[in-house]
Amino acid sequence: MPALQPHPDRLFPPDPVTRRIARELHHSVRDLPIVSPHGHVDPRWLAEDTPFSDPTSLLISPDHYVTRLLHASGIPLEHLGVGARAPLDEGAARKAWRAFCELWPVYRGTPVQYWFEVELSEIFGVRERPSADNADALYDHISAALTTPEFRPRALFRRFGIEVLATTDDPADDLRPHRALRDDPSWAGRVIPTFRPDRYLEPAADDWPAAVAALGAAADTDTADYRGYLEALRRRRRYFIDNGATSADHSHADVRTDPLEEAVAADIYRRALRGDASAAEATAFRRHMLTEMAAMSAEDGLVMTLHPGILRNHHGPTFERFGPDRGHDIPTGIELTEALRPLLQRFGTTPGFHLVVFTTDETVFSRQLAPLAGFYPSVYIGAPWWFLDAPDAIARWRSAVTETAGFSRTSGFIDDTRAFCSIPARHDMSRRLDAAHLADLVVRHRLGEDEAADTLHSLVSENPRNVFKL
Amino acid sequence: MPALQPHPDRLFPPDPVTRRIARELHHSVRDLPIVSPHGHVDPRWLAEDTPFSDPTSLLISPDHYVTRLLHASGIPLEHLGVGARAPLDEGAARKAWRAFCELWPVYRGTPVQYWFEVELSEIFGVRERPSADNADALYDHISAALTTPEFRPRALFRRFGIEVLATTDDPADDLRPHRALRDDPSWAGRVIPTFRPDRYLEPAADDWPAAVAALGAAADTDTADYRGYLEALRRRRRYFIDNGATSADHSHADVRTDPLEEAVAADIYRRALRGDASAAEATAFRRHMLTEMAAMSAEDGLVMTLHPGILRNHHGPTFERFGPDRGHDIPTGIELTEALRPLLQRFGTTPGFHLVVFTTDETVFSRQLAPLAGFYPSVYIGAPWWFLDAPDAIARWRSAVTETAGFSRTSGFIDDTRAFCSIPARHDMSRRLDAAHLADLVVRHRLGEDEAADTLHSLVSENPRNVFKL
Amino acid sequence: MPALQPHPDRLFPPDPVTRRIARELHHSVRDLPIVSPHGHVDPRWLAEDTPFSDPTSLLISPDHYVTRLLHASGIPLEHLGVGARAPLDEGAARKAWRAFCELWPVYRGTPVQYWFEVELSEIFGVRERPSADNADALYDHISAALTTPEFRPRALFRRFGIEVLATTDDPADDLRPHRALRDDPSWAGRVIPTFRPDRYLEPAADDWPAAVAALGAAADTDTADYRGYLEALRRRRRYFIDNGATSADHSHADVRTDPLEEAVAADIYRRALRGDASAAEATAFRRHMLTEMAAMSAEDGLVMTLHPGILRNHHGPTFERFGPDRGHDIPTGIELTEALRPLLQRFGTTPGFHLVVFTTDETVFSRQLAPLAGFYPSVYIGAPWWFLDAPDAIARWRSAVTETAGFSRTSGFIDDTRAFCSIPARHDMSRRLDAAHLADLVVRHRLGEDEAADTLHSLVSENPRNVFKL
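Protein chains in written order, with this note's numbering: chain A, 1 to 470; chain B, 471 to 940; chain C, 941 to 1410.
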């Protein structure tokens, strides 16, 4: 049975001199606490601290990074527990786990393989590569671990060395888990919410009128007109800030930010509420609202983050059956230079305003994103996102943005994950790759070793704290 | 005279450890048979097995990869025998060959240089780098070889170790050479046609009415109306399948697949036949037909391959004088996420349906193609095509797609060539580059050496057979 | 205090064998004269040969590569002397220099760091890395040097080994500095103008009528109608050619080249003069004029260069206060294949016509630019421009274009700089990176060492001379 033994020099370049430098750089930040300013971990796990039930419902069913390639390889999503109300029963969960282990080779060369190898080995003490032969033994081994106190969510949180963990939350959410954690004297960790208002900004959606009504209810504000709607958003932002939030996240098809006259926006709003706005008007309203959200950020200080350019739920039949976030959100192209101009005209040089732009479109790295962040004090380059949170892509990203914007204009790593157990592996991967990148600059005599070490510390520690106001 | 001696370690990375691993990996697949699922070799060469006449008409005149850069360097295409009805006469052929040898430096760093070095050396035993000084001697040397039985097409086919070779053919073609080969008891090779219906799907072309009439004649079907036209396509596909075809290839300006109502399609068809459809309608019809072709593939099993995003015959005067495929087909950008959505809504998860997407637009590798292939069981990532079938581009491609889609979702190599003698060099180049890529993953501890070896074998052997149903 | 000591092997790959080859290649071209066919040095500096006043006004205030990242880091542009009528006074200049030295770490990994390290060290003999601690000492050190004869512009020009330096000039400019230099018997250098007619081709600009009137005055031609306008352009081109110009440079939002009927162009011209043309007509006129400029180039021989795809003056408030070229010109995307087609239909194969395309949009390198230059004898691939004139970007560029177009179709290096003292560092950087690229091809056995050396010599010497007709 092939051994599973993540190498201490993994992800470092092969050249011996460069590798030594990378190793030393990595060593200097390896044990720094984890700062996770953006992700999708369920805060109830930590608030309730209930044990995870089984390997499949912990590691497979909720993680579309994992289920995607199994689906492409012919495993129906329902066999993997995707979108189910409750975890699969023991027999089905085992069967899903077996499929995963049998198909382990399809992950070769992907970060899923990398993350799993590290987390299976370092968290669960697994010593064999998954395969059809050992699938049941691994299942039993992990299941047994999950029943012990050391594997309950809070224990893992502490073991992972997480200093701060941001979740992603609906503006109408009461943030009960966050408040429960804050009020729990036995809990010292920092788990903060993130304001994610996407659905309230898209009047084209069928459920938008209901959504803004719910928002109004949560804000105790009448959202029958545009002013009330803005006020409701403002209040809920305040509520989030009062409960620890430092950022607001936005993910739409594009990032155009063309403002509308207030009367025009109010009119579209009114008509959209009764289902009487055109698709073009709904889009215009959303673009206008993106600038309005920047205005609110400039006022209340929430860092504005953008995750644009994704066509969600590409395969209709899968969406209808399994709901959103099932691995078939597919990137489109994005444009930043013209799209963000109206917003940046108004707030680009506003002190304290932070705009962090993430993208899955590599073509804007050197062409638009780095030039914008290299001039505007407000603009930061988000770490490679989603499909690009992977070793080669991260190397391409650093290569593409650094020469124009340096290191100080980058956000620091965000894991963006709902796979709680992958958090240490992901942050360590980022530190290793930054160490490798810096070591390469050193060995090409573009940077002193002292400069590289100082830079790496900033990337792991100061950058995310400063950019996300943590 | 500088020696021509392709190095045994060519294309491997310089780091000694990585190189050793790459060498061993390559060694393990070096002698596997060649599977060529897509290309443009003339099947008559093999059916008739007539000797090639001279170096120029074999290696230069028909190969726009070669003539392009000579043209850019000031050599008129007519001097190279491009587009001529018959091979150049001895004097002109020698002159063309001399121009090629004199301008040998313009190929530095291109795959043409690489392929030629390997094929001149390994097939023809040339031991000197081409130059003005040795042009005539090389011409004589190759000419002499071409008169021997060992250099006749069938002998080369066997020597190259080709297991299967797919050609590209017009749907109205009678496939006589393929049938002759199949029926020839002295011939054991597998040469299969590919159904390439582009011209029948573009009503905007002047000769479209004549083309569909010819198609109808070939299918013994009346194509006066849309139903007859579909039936003719269906019958010709069946004819191709009966003669060994396993795939249908499509190359249009874009890959939008928006379906039309049948009545609308029928109406456009009818009017287009009498030259009465607008350009927009012709485009709409073609996009509709792409989904129809997918429907037929889902039914009859022909693998659907796409080669989109090329503006053919960019320079009008050259096209008028020399015809198509003369080296001035220039890529545009393509979009896949929205364009393929209608097709994938219907057939994306249909068992047995295979869609292989090739592109010369690198921007979609990580952004669209790998995410699509990483979810849909039907979608495969085609090997780097045309301008991108080159060492650095192949490395960029593997780097861009693997982290999202792994190795199992890639097509395996296709040579896409009309340069028969370059086939072994091209397939070996691909094997070397895959070995180099995998060795790099091994040395960065992202993959075990056993996993790399298994993956490389799949890429050379299982992937093309499975993806192309060979 | 960390030492500033550019390493002799800087920018070479770490692998020892590759590094040795790169070093030898670089050595063979290190001392060749500098050919600078495109840049923005002020010719009056050389004509008048007045000493530079202080480090800030020489190295910071005029260089938006430098001020950009300081601005992003929170330093207001007015503190840096940007856009001021006169140099900052001593106190303010020192303060700006201190800000620069304190913020030195923001340049890590950028070419600004690289260029400065080399120029501070090799030109000014600085031996310490800039920092808050030594800012004043460095200021004094450089100020003192600037008062000596060795640091006057002409002395530096000679010391830098510049053989030819092209400036960028307005068509109505009288080129007095160029003529003064030419007529000065004590001056042997070659400083030539470049015809840059952008503002005369954009009828949408408010000052366009005044501009064409001024052009007419300079050309002694009545520009009241379209024919006179064309004639004025023709005469000014001739004037530039008579004063040494070999190229005409064009920078617009896109490079569409759709021709208009002469009557249509004349009509738009007439109405635009009285402010009566629509934005769409103004754009159509500019696109038409790009083909007209090609027609003039085909006639008078001026090399046509394109620098498209930039949204100038992105941040309105900054533009209003500080004027153009302040570091917030941000790239957009460009398209070449369809855009240049009309121009290339007419002039693509015209003997003697040269079209050099520069871009900040990496996506067209392999997809459009290399395929065009690999076929059309007139099209050359411009060296990586602006944000892309940096080590990693240059490596990506060579990797992206070489496999399709080889080396002979590339322009040779252009520095495009207004930072006079950075010229040697920039050209040497290019030579080092080309040496590194070629060494990598050698060590992968894709190129002989003799071929690499010959190629590098051409890139430094023959290519720019041939492409720019120097």
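Where a beta carbon is used, it is the ideal one built from N, C-alpha and C, also for glycine. Source: prediction; values computed, not measured.
Simplified DSSP state of residue i, which is helix, strand or coil
i	result
Arg129 of chain A	coil
Leu1400 of chain C	The sequence shown places Val at residue 1400 of chain C, not Leu. Correct three-state label for Val1400 of chain C: helix.
Ala172 of chain A	coil
Ala943 of chain C	strand
Val82 of chain A	coil
Leu940 of chain B	coil
Ala339 of chain A	coil
Thr56 of chain A	helix
His1255 of chain C	coil
Glu921 of chain B	helix
Ala1012 of chain C	helix
Ile1208 of chain C	helix
Thr580 of chain B	coil
Ile1082 of chain C	helix
Glu1201 of chain C	coil
Beta bridge counterpart(s) of residue i as assigned by DSSP
i	result
Ala137 of chain A	Beta-bridge pairing links Ala137 of chain A to no other residue.
Pro1271 of chain C	C:Ile1250
Leu165 of chain A	A:Ser36, A:Val191
Thr305 of chain A	A:Asp249, A:Val356
Residues that residue i contacts on chain B, provided the C-beta gap is smaller than 7 Å
i	result
Asp15 of chain A	Asp485
Ala393 of chain A	Ser836, Glu873
Asp361 of chain A	Arg837
Tyr229 of chain A	Simply none; closest approach about 30 Å.
Ser1339 of chain C	Asp862
Arg1281 of chain C	His784
Chain A residues whose Cβ lies nearer than 8 Å to that of residue i
i	result
Gly1322 of chain C	Simply none; closest approach about 16 Å.
Ala607 of chain B	Those do not exist, as Ala607 of chain B stays about 43 Å from chain A at its closest Cβ, beyond 8 Å.
Where residue i meets chain B, residues with beta-carbon distance less than 9 Å
i	result
Tyr1316 of chain C	His541, Ala542, His784, His785, His798
Asp254 of chain A	None at all; the shortest Cβ gap to chain B is about 13 Å.
Arg1372 of chain C	Those within 9 Å of Arg1372 of chain C in chain B number zero; the least Cβ separation is about 18 Å.
Pairwise C-alpha distance: residue j and residue i
i	j	result
Arg1252 of chain C	Ala1219 of chain C	17 Å
His969 of chain C	Asp1380 of chain C	Note on identity: in this sequence residue 969 of chain C is Val, with His being the wrong assignment. Cα to Cα, Val969 of chain C sits roughly 17 Å from Asp1380 of chain C.
Leu516 of chain B	Gly561 of chain B	27 Å
Glu1391 of chain C	Pro575 of chain B	8 Å
Glu518 of chain B	Thr526 of chain B	20 Å
Phe823 of chain B	Pro371 of chain A	44 Å
Asp242 of chain A	Leu175 of chain A	11 Å
Ala566 of chain B	Ile893 of chain B	23 Å
Asp1368 of chain C	Arg963 of chain C	12 Å
Leu32 of chain A	Gln113 of chain A	24 Å
Partner residues on chain C for residue i, Cβ-Cβ distance less than 8 Å
i	result
Ala556 of chain B	The contacting residues do not exist; Ala556 of chain B stays about 25 Å from chain C at best.
Gly348 of chain A	His1255
Under 7 Å from the C-beta of residue i: neighbouring residues of chain C
i	result
Asp450 of chain A	Pro942
Contact list for residue i against chain A, beta-carbon separation under 7 Å
i	result
Phe877 of chain B	Arg108, Gly109
Interface partners of residue i on chain C, CB under 9 Å
i	result
His445 of chain A	Pro946, His947, Pro948, Asp949, Arg950, Leu951, Phe952
Pro801 of chain B	Thr1277, Ser1306, Arg1307, Gln1308, Pro1311
Chain-ordered neighbours of residue i on chain A, where CB pairs are closer than 9 Å
i	result
Thr925 of chain B	Pro105, Arg108, Gly109
Phe1327 of chain C	Ser366, Arg367, Ala370, Pro371, Gly374, Glu403, Thr404
Exercise. Along the chain, which unbroken stretches of the alpha helix (DSSP H) at least 4 residues long are found entirely within the stretch 833-879 of chain B?
Worked result: Whole alpha helix (DSSP H) segments, 4+ residues: 840-843, 861-875.
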